[in-house]
Amino acid sequence: MPDLRHQAIITAAKEAANAEADAAAALSREEEEERYPWPAKAWNSPPPKLAPLRYPVLLTPGGPISSASKLQKLAETESLPEAIETSQVDDDDSNREIKKVTICNVSHNELKKMMEKAELSHGMEENVTVVFNGAMRFAWAVKALKEGVTLGDEDEDEERSLAT
1 MPDLRHQAII TAAKEAANAE ADAAAALSRE EEEERYPWPA KAWNSPPPKL
51 APLRYPVLLT PGGPISSASK LQKLAETESL PEAIETSQVD DDDSNREIKK
101 VTICNVSHNE LKKMMEKAEL SHGMEENVTV VFNGAMRFAW AVKALKEGVT
151 LGDEDEDEER SLAT
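Throughout the sequence shown, residue numbering follows full-length UniProt numbering, covering 1 to 164 in sequence.
See below:
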């Protein structure tokens, strides 16, 4: 007897599932689209294009990267990056200090090239927070060039030695 009851329950469950499937198939296209919160056009269209990620790099006077032209050589950019004057914010609550700094922004690939040729520190390590594209972001800073890397600024060194 238990086997007959068990089979009856299974049969009833299958019939209920089939009835639900038949009811869903009977819905018109409009009714089907109304069941979902987004129209079919939204699901079938490609995602919106996102702006490429850009990273702020701090130009440090007297440091290895003191100008946009040196950054261009290090990152191997096609064009001279725009030097942007912005604010560096010390986020310590006790004394919030704001000073002007110069940054350039680079793409992800350019940042990777810089990492191959130089030792970089991220703003989290140095607490270098800058205003970048209207938001507060940690900036990258070039600490030193790796051994054997030169930026071709020997001419500048010769000019300095001749001037003294």
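Yeah, the Cβ is synthetic: ideal placement off N, Cα and C, and Gly gets one too.
By Cβ distance below 6 Å, which residues in the same chain neighbour residue i in space, the five residues on each side in sequence not counted?
i, result
"L53", "H108"
"K99", "Q88"
"E76", "K113"
Assuming residue i and residue j are in contact, meaning their beta carbons sit under 8 Å apart, how far apart are those beta carbons, in whole angstroms?
i, j, result
"V149", "K117", "5 Å"
"L74", "P81", "About 10 Å separates the two Cβ atoms, so there is no contact after all."
Which residue or residues does DSSP assign as beta-bridge partners of residue i?
i, result
"L120", "V142"
"M136", "V131"
"Q88", "K99 and V130"
"R54", "S107"
"L59", "T102"
Quick check on the burial criterion: 16 or more other C-beta atoms within 10 angstroms. Buried or exposed for residue i?
i, result
"R5", "exposed"
"P61", "exposed"
"I65", "buried"
"A68", "buried"
Tell me which same chain residues have a C-beta within less than 8 Å of the C-beta of residue i, skipping the five on either side of it?
i, result
"T102", "L58, L59, A83, I84, E85 and T86"
"C104", "P56, V57, L59, A68, L71, P81, E82, A83 and I84"
"I10", "none"
Excluding the 5 residues flanking residue i on each side, which residues of the same chain have their C-beta closer than 7 Å to its C-beta?
i, result
"H122", "F138 and W140"
"K146", "K117, A118 and E119"
"A42", "none"
"M136", "V89 and T129"
Contact between the region 121-135 and the region 39-53 is defined here as three or more beta-carbon pairs at a separation below 8 Å; is this criterion met? When Cβ pairs closer than 8 Å are counted between the two stretches, the region 121-135 is seen not to touch the region 39-53, the count staying below three.
For the region 94-113 against the region 30-44, do three or more pairs of beta-carbon atoms, one drawn from each stretch, fall closer than 8 Å, so that the two count as touching? Result no; under three Cβ-Cβ pairs closer than 8 Å.
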